[in-house]
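Here the structure comes first, spelled out in C-alpha cells, and everything after it is commentary.
4 protein chains.
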Amino acid sequence: MLDSLDKDALARLCGKALFNHDSASAALGINIAEVTPGHATASMEVRPEMVNGLDICHGGLIFTLADTTFALACNSHNMVAYAMGCHIEYLRPALKGDHLTARATEMDRTRNTGSYVVSVANQDDKIIAVFHGRSSNRGQPLITHANLNEFMEDND
Amino acid sequence: MLDSLDKDALARLCGKALFNHDSASAALGINIAEVTPGHATASMEVRPEMVNGLDICHGGLIFTLADTTFALACNSHNMVAYAMGCHIEYLRPALKGDHLTARATEMDRTRNTGSYVVSVANQDDKIIAVFHGRSSNRGQPLITHANLNEFMEDND
Amino acid sequence: MLDSLDKDALARLCGKALFNHDSASAALGINIAEVTPGHATASMEVRPEMVNGLDICHGGLIFTLADTTFALACNSHNMVAYAMGCHIEYLRPALKGDHLTARATEMDRTRNTGSYVVSVANQDDKIIAVFHGRSSNRGQPLITHANLNEFMEDND
Amino acid sequence: MLDSLDKDALARLCGKALFNHDSASAALGINIAEVTPGHATASMEVRPEMVNGLDICHGGLIFTLADTTFALACNSHNMVAYAMGCHIEYLRPALKGDHLTARATEMDRTRNTGSYVVSVANQDDKIIAVFHGRSSNRGQPLITHANLNEFMEDND
Numbered sequence: 002m003l004d005s006l007d008k009d010a011l012a013r014l015c016g017k018a019l020f021n022h023d024s025a026s027a028a029l030g031i032n033i034a035e036v037t038p039g040h041a042t043a044s045m046e047v048r049p050e051m052v053n054g055l056d057i058c059h060g061g062l063i064f065t066l067a068d069t070t071f072a073l074a075c076n077s078h079n080m081v082a083y084a085m086g087c088h089i090e091y092l093r094p095a096l097k098g099d100h101l102t103a104r105a106t107e108m109d110r111t112r113n114t115g116s117y118v119v120s121v122a123n124q125d126d127k128i129i130a131v132f133h134g135r136s137s138n139r140g141q142p143l144i145t146h147a148n149l150n151e152f153m154e155d156n157d
Numbered sequence: 002m003l004d005s006l007d008k009d010a011l012a013r014l015c016g017k018a019l020f021n022h023d024s025a026s027a028a029l030g031i032n033i034a035e036v037t038p039g040h041a042t043a044s045m046e047v048r049p050e051m052v053n054g055l056d057i058c059h060g061g062l063i064f065t066l067a068d069t070t071f072a073l074a075c076n077s078h079n080m081v082a083y084a085m086g087c088h089i090e091y092l093r094p095a096l097k098g099d100h101l102t103a104r105a106t107e108m109d110r111t112r113n114t115g116s117y118v119v120s121v122a123n124q125d126d127k128i129i130a131v132f133h134g135r136s137s138n139r140g141q142p143l144i145t146h147a148n149l150n151e152f153m154e155d156n157d
Numbered sequence: 002m003l004d005s006l007d008k009d010a011l012a013r014l015c016g017k018a019l020f021n022h023d024s025a026s027a028a029l030g031i032n033i034a035e036v037t038p039g040h041a042t043a044s045m046e047v048r049p050e051m052v053n054g055l056d057i058c059h060g061g062l063i064f065t066l067a068d069t070t071f072a073l074a075c076n077s078h079n080m081v082a083y084a085m086g087c088h089i090e091y092l093r094p095a096l097k098g099d100h101l102t103a104r105a106t107e108m109d110r111t112r113n114t115g116s117y118v119v120s121v122a123n124q125d126d127k128i129i130a131v132f133h134g135r136s137s138n139r140g141q142p143l144i145t146h147a148n149l150n151e152f153m154e155d156n157d
Numbered sequence: 002m003l004d005s006l007d008k009d010a011l012a013r014l015c016g017k018a019l020f021n022h023d024s025a026s027a028a029l030g031i032n033i034a035e036v037t038p039g040h041a042t043a044s045m046e047v048r049p050e051m052v053n054g055l056d057i058c059h060g061g062l063i064f065t066l067a068d069t070t071f072a073l074a075c076n077s078h079n080m081v082a083y084a085m086g087c088h089i090e091y092l093r094p095a096l097k098g099d100h101l102t103a104r105a106t107e108m109d110r111t112r113n114t115g116s117y118v119v120s121v122a123n124q125d126d127k128i129i130a131v132f133h134g135r136s137s138n139r140g141q142p143l144i145t146h147a148n149l150n151e152f153m154e155d156n157d
C-alpha cells in the first residue's frame with residue numbers, strides 16, 4: 002500500500018501526518034494549501050488576537066506560519082526532519098485582517114540536512130517576510146506500514 | 002512625573018506598556034520576570050497544547066518566547082523599537098512540562114539599530130535555544146506624558 | 002546620457018562601478034558573470050591558498066563570494082545599498098579546484114530595505130551554500146552625471 | 002604526553018593546530034590572542050587593500066575574522082568541529098586602519114553540535130558586528146598521539 006504511492010501522494014500524506022499532531026498550528030488557524038516533494042504552501046489570517054495595540058501582527062506568529070510551512074516541506078520526503086535553526090527577515094508589517102500565504106522551497110538536500118527558503122506574502126502579493134530554515138534528519142521514516150492506516154482513514 | 006523616573010523604573014514601565022498590548026504573549030502564558038535597560042528576562046511553561054505528537058514543544062513557540070523577551074529588552078530605553086530580523090538555533094528539544102526562561106542581553110546599540118542575544122534555558126539550566134534579534138527604531142518614545150497615566154494606574 | 006540608459010544597462014554599469022572599488026573581491030579572483038535589476042551572478046575558483054589542510058575551502062571565502070554577489074544585486078537599481086546582516090548555511094564542502102557560481106535573487110524591496118537569497122553551486126550544480134542578505138539604502142544614487150564618465154570610459 | 006595536558010594547554014594547542022593550516026586567515030594578518038576551552042580572541046588590522054572606495058572594510062573580511070575566531074572556540078575541546086551555518090549583523094562600519102578584536106563565547110554544546118556568539122569591536126570598544134556560529138562535530142579528535150609532535154615542535 003505504502004509502496005504503491007507516488008512521490009506526490011506520499012508528500013501530501015506526510016503533510017497530513019505532520020499536521021495531525023500540530024495543535025499549535027491548528028490553534029492559529031493555519032491551513033495547508035499544498036504539499037509536494039520539497040515544497041509546501043500554507044496560509045493564515047491575521048486575527049484580532051494576533052495583533053498588538055498598533056494592529057500589527059506579532060512577529061512570532063508570522064514566524065510560526067513560516068516555520069510550519071518549512072516543516073511541511075522538509076518532511077515531504079517521508080523522512081522525519083527537525084528544525085536546527087531558522088532565520089527570518091521582516092520586510093513589511095502584517096495588519097489585522099491580512100491573509101498571509103507562506104511558500105516553502107527546498108534549495109537543496111544532502112543525506113542528513115536540507116536548506117529551505119520560505120516567503121510570506123499578503124493578499125496583495127507583497128512580501129511580508131523571508132524565512133530560511135535548516136533541517137536535520139536521522140534516516141527515520143515519518144509514515145510506515147504500521148501507522149499508514151491512521152492517516153489514510155482520516156483521508157476519507 | 003515621567004522625568005522623575007530613573008532608568009530602571011522607566012525600563013520596567015516600558016515592559017509594562019509593551020506587554021499590555023501583547024495578547025499573543027499573554028495567551029501563551031509568558032511572564033515577565035525582569036526588565037532593566039537593555040536586558041529582560043521572561044518565562045513560559047510548555048503546556049500540553051504547545052507540543053506535537055512526540056511531546057516536543059513547537060519551535061515557533063520557543064521563538065515567540067525569545068522574541069517577546071527581545072522586544073522587552075530593545076524597547077527598554079523608552080524608544081519604540083521594531084524587530085527587523087531574527088535568528089534562532091535550536092540546541093535541545095523542550096518537552097511538555099518544561100519551564101523555560103529567556104534572558105535577553107543588548108550587545109550594542111547605535112542611533113537607529115540594536116543587536117540582542119537571547120538564551121532560552123530549561124529548568125535544569127540547559128540551553129534549549131540561542132536567539133539573535135536586530136532592532137530598528139525611528140526616534141519615537143514609547144511612553145509619553147500623554148499615555149503615562151495609563152500604565153501608572155495599572156501599577157497599583 | 003545617464004537618463005538614456007535602460008534598466009539593464011544601468012544595472013551592468015552599477016556592477017562595474019561597485020567592482021572597480023572592490024580590491025578584496027578582485028584579490029580572490031571573483032568574476033562578475035551578469036548583473037540585471039535585482040539579480041547578479043559571479044564566480045570564483047577555489048585556489049590552493051584558499052583551502053585548509055584538508056583541502057576544504059575556508060568558509061569565509063565562500064561567504065565573501067556570496068556577499069559580493071549580494072552587493073551587486075542590491076546595488077543594481079542605482080541606489081547605494083549597504084549590507085545590514087547576512088546569514089549563510091553550508092550544505093557541502095567546496096574543494097580545491099572547484100569552480101563556484103553564486104546567483105543572487107531579490108526577494109523583495111521596500112523604500113529603504115531589501116532581502117536577497119544567494120545560492121552558491123559547484124561545477125556539478127550541487128549547492129554548496131545558501132546565503133541570505135539584508136540591505137539598507139538611504140536614497141543616494143551610486144552613479145551620477147558627475148561620476149558616469151569614469152565607468153563609461155572603462156567600458157571601451 | 003597528550004594525556005598530561007590540562008584543558009587550557011590543550012585548547013591552546015588546538016588553536017595552534019587549526020591555525021597552522023589556515024593560510025586564508027594568515028594572509029589577512031589575523032592574530033590569535035587567546036584560546037581557552039570554549040572561548041577565543043583574535044585580532045586583525047583593516048589594511049588599505051581591505052577597504053572599498055569609501056575606506057570601509059569589506060563585510061566578507063569582518064565575517065572571516067569572526068568566523069576564524071568561532072572556529073578556534075569550537076575546536077578548543079580537541080574535537081574536530083565544522084561550521085554548519087553563520088549569521089552576522091553589522092552595526093557600524095570598520096574603517097581603514099581600525100584595529101578589530103573578535104571575542105568568541107560558547108553558549109552551549111551538546112554531543113554533536115554547539116552554538117557560539119562572537120562580538121567584533123574596534124579600538125574604541127565599539128561593537129562593529131555581532132556573529133553567531135553553529136558547529137557540528139562527528140567525534141573525531143583534532144590532536145592525537147600521532148600528530149602531537151608536529152604542533153609541539155612548532156611550540157619552541
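Those protein sequences? They're chains A, B, C and D, same order as listed. Numbering of the first sequence is given in the numbering used here, commencing with residue 2 and proceeding in unit increments. Numbering of the second sequence is given in the numbering used here, commencing with residue 2 and proceeding in unit increments. Numbering of the third sequence is given in the numbering used here, commencing with residue 2 and proceeding in unit increments. Numbering of the fourth sequence is given in the numbering used here, commencing with residue 2 and proceeding in unit increments. Using N, Cα and C, we set each Cβ at its ideal position, and we do this for glycine too. Here the structure is a predicted model, which means the values were calculated and not measured.
Proximity winner among Tyr-83(C), Gly-86(C), Ser-44(C), relative to Val-121(C) (alpha-carbon distances)
Ser-44(C)
Have a look at Asn-156(C) and Leu-149(C) and give me their C-alpha separation to the nearest angstrom.
Because Asn-156(C) carries a pLDDT of 46, less than 50, the predicted location of this residue cannot be relied on, and the following value inherits that uncertainty. Going from the Cα of Asn-156(C) to the Cα of Leu-149(C) covers about 11 Å.
Simplified DSSP state of Thr-106(A), which is helix, strand or coil
strand
Can you round the beta-carbon distance between Gly-134(A) and Phe-71(A) to whole angstroms, since I take them to be within the 8 Å contact cut?
4 Å
Given a threshold of 16 other Cβ atoms within 10 Å of its Cβ, counted over all protein chains shown, does Ser-5(C) qualify as buried or as exposed?
exposed
Run through chain B and tell me which residues come within less than 7 Å of Asn-53(A), C-beta to C-beta.
His-22, Asp-23
Give every residue of the same chain whose Cβ lies closer than 7 Å to the Cβ of Ala-74(C), excluding the five residues on either side of it in the sequence, and list them in chain order.
Gly-39, His-40, Ala-41, Ala-105, Glu-107, Tyr-117
Counting only beta-carbon atoms, is Gly-86(A) nearer than 7 Å to chain D?
yes
Among Ile-89(A), Glu-46(A), Pro-49(A), His-78(A), the one whose alpha carbon lies nearest that of Thr-65(B):
Ile-89(A)
Mind pulling the chain A residues with CB within less than 8 Å of Thr-69(B)?
Gly-61
Is Ile-144(B) helix, strand or coil by DSSP?
coil
Are the C-beta atoms of Val-118(A) and some chain C residue less than 7 Å apart?
yes
For a cutoff of 7 Å on Cβ pairs, would you count Arg-135(B) as touching chain C?
yes
Could you confirm whether any beta carbon from chain A is found closer than 7 Å to the beta carbon of Phe-64(B)?
yes
Under the DSSP definition of a beta bridge, which residues are partnered with Arg-48(C)?
DSSP output for Arg-48(C) lists no bridge partner at all.
Does chain C have any CB closer than 7 Å to the CB of Thr-42(A)?
no
Classify Arg-48(B) as buried or exposed, calling it buried when 16 or more other Cβ atoms lie within 10 Å of its own Cβ.
exposed
Taking only the alpha-carbon atoms, compute the straight-line gap between Val-81(C) and Arg-110(C) and give it to the nearest angstrom.
13 Å
CB contact check: Glu-90(A) to chain B, cutoff 7 Å:
yes
For the candidate residues Leu-143(A), Thr-37(A), Asp-56(A), Ala-130(A), whose alpha-carbon lies nearest to that of His-22(B)?
Asp-56(A)
Out of curiosity, what's the CA-to-CA distance linking His-146(D) and Phe-152(D)?
11 Å
Cα-Cα separation between Ala-84(D) and Val-119(A), rounded to whole angstroms:
23 Å
So which residues on chain A does Val-131(C) lean against when the C-beta distance must stay under 8 Å?
Met-108, Asp-109, Ser-116, Val-118, His-133
Looking at C-alpha atoms only, which residue of His-59(C), Leu-96(C), Leu-143(C) is the closest neighbour of Gln-124(C)?
Leu-96(C)
Return helix, strand or coil for Arg-13(C), following the three-state DSSP convention.
helix
By Cβ distance below 8 Å, which residues in the same chain neighbour Pro-142(B) in space, the five residues on each side in sequence not counted?
Asn-79, Met-80, Val-81
Range covered by the alpha helix (DSSP H) that runs through Thr-69(D)
60-75
At 7 Å on the CB atoms, spell out the chain A contacts of Asp-93(C), in chain order.
Inspection of the sequence shows that residue 93(C) is occupied by Arg rather than by Asp. The contacting residues are Thr-111.
Work out the CA separation of Met-51(C) and Phe-20(D) for me, nearest whole Å.
13 Å
Using a 10 Å radius around the Cβ and a threshold of 16 neighbouring Cβ atoms, would you call Ala-28(D) buried or exposed?
exposed
Can you list, in chain order, the residues of its chain whose CB lies under 6 Å from that of Leu-3(C), leaving out five sequence neighbours each side?
His-146, Leu-149
Ala-21(A) in three-state terms, based on DSSP
Reading off the sequence shown, one finds Asn at residue 21(A), where the question assumed Ala. DSSP places Asn-21(A) in helix when its eight states are reduced to three.
Name the two residues that bound the continuous beta strand (DSSP E) containing Met-85(D).
82-91
When the Cα atoms are used, what is the spatial distance from Thr-69(D) to Ile-144(C)?
35 Å
Nearest to Ala-25(A) by alpha carbon, out of Pro-94(B), Thr-102(B), Leu-62(B), Gly-86(B)?
Leu-62(B)
Name the DSSP beta bridge partners of Glu-35(D), please?
Thr-42(D)
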